[in-house]
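Q: What follows is a single structure, and I will ask about it in a moment.
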Amino acid sequence: MFTTTPSKIALPLTYGNRHADRRQELLSFLNSGWVLIAFRKADGTRVERLATRNPSILKAFSSAYELTQIRDNDPVRDGLPTILYFDHAAGTLRSFRVDSVLGAYIPGECPENNH
C-alpha cells in the first residue's frame, strides 16, 4: 500500500521594508496558479486563503467582471500596496495588504480535486 501525506511547500519571500519587491513576488506566485497565502487580518487574526490571479483559472471559477477587476486593478490601502485576488473558498474577490503577509505556499493538494 502506498500513501502520501500532502504538505504545502513554502515559497521564498522578500522580508523587510521592500514592499514593492514583495508585491511583485506575490503577484508572480498568484499569476502562476493556486497559492496558499497566510496573512494577518486587520483584527490581528491569522488566516490562510487559497488564492489566484491566473487568468485561465479565473475564466473557469469567476465571472468576466472579476477577471477584468483583477487585470485592471492596482489597489493601495492606507498608503501601502495591496493585492486583489480570487478566493477559492469564498468564490469571490478579496484583497490583502502586502505588509501583512506571513508566508506563501504551494498547496499540498490540487484545489480542483476539492470541487
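Just so you know, the working numbering puts 116 at position 82 of the sequence shown, and the rest follows in order with no gaps. We treat Cβ as the ideally placed atom computed from N, Cα and C, and that holds for glycine.
1. Can you give me the C-alpha to C-alpha distance between P141 and D121, rounded to a whole angstrom?
2. Can you tell me where the beta strand (DSSP E) with A138 in it begins and where it stops?
3. Rounded to whole angstroms, what is the Cα-Cα separation between M35 and K75?
4. Do you know how far the Cα of L136 is from the Cα of A44?
5. Relative to the C-alpha of K93, which residue among R105, G113, F63 and L84 is closest?
6. For M35, which of helix, strand or coil comes out of DSSP?
7. Return the residue from the list R80, L84 and A123 that minimises the CA-CA distance to N65.
8. How long is the line joining the alpha carbons of V132 and R57, rounded to whole angstroms?
9. When you compare only the Cα positions, how much space is there between R80 and S62?
10. Out of E143, A54 and S96, which has the shortest C-alpha to C-alpha gap to P152?
11. Taking the beta strand (DSSP E) that A85 belongs to, which residues open and close that run?
A: Reading off the structure:
1. Locating residue 141 in the sequence shown gives position 107, where the first residue counts as 1. Locating residue 121 in the sequence shown gives position 87, where the first residue counts as 1. C-alpha of P141 to C-alpha of D121: approximately 14 Å in a straight line.
2. For this step, residue 138 is matched to residue 104 along the sequence shown. DSSP places A138 inside the beta strand (DSSP E), whose first and last residues are V135 to I140.
3. Within the sequence shown, the letter at position 1 stands for residue 35. Within the sequence shown, the letter at position 41 stands for residue 75. Low confidence applies here, because M35 scores a pLDDT of 49, under 50, leaving its location unreliable; read the following figure in that light. The straight-line gap from Cα to Cα measures roughly 42 Å.
4. Counting from 1 along the sequence shown, the entry for residue 44 is found at position 10. Counting from 1 along the sequence shown, the entry for residue 136 is found at position 102. Computed Cα separation, rounded: 11 Å.
5. Walking along the sequence shown from the start, residue 93 turns up at place 59. Among R105, G113, F63 and L84, the Cα nearest to that of K93 is on R105.
6. Taking the first residue of the sequence shown as 1, we reach residue 35 at position 1. Legend: pLDDT at M35 = 49, less than 50; position of this residue unreliable, no value from coordinates given.
7. Along the sequence shown, read from residue 1 onward, the residue named residue 65 stands at position 31. Looking at R80, L84 and A123, the one whose alpha-carbon comes closest to that of N65 is L84.
8. Taking the sequence shown and counting its residues from 1, one reaches residue 132 at position 98. Taking the sequence shown and counting its residues from 1, one reaches residue 57 at position 23. Taking the straight line from one Cα to the other gives about 6 Å.
9. In the sequence shown, the residue the question calls residue 80 occupies position 46. In the sequence shown, the residue the question calls residue 62 occupies position 28. Looking at the two C-alpha atoms, the distance is approximately 23 Å.
10. The structure shown does not extend to residue 152, since the chain spans only 35 to 149, so no value can be given for it.
11. For the purposes of this step, residue 85 is taken as the residue at position 51 of the sequence shown. Element bounds for A85: R80 to T86.
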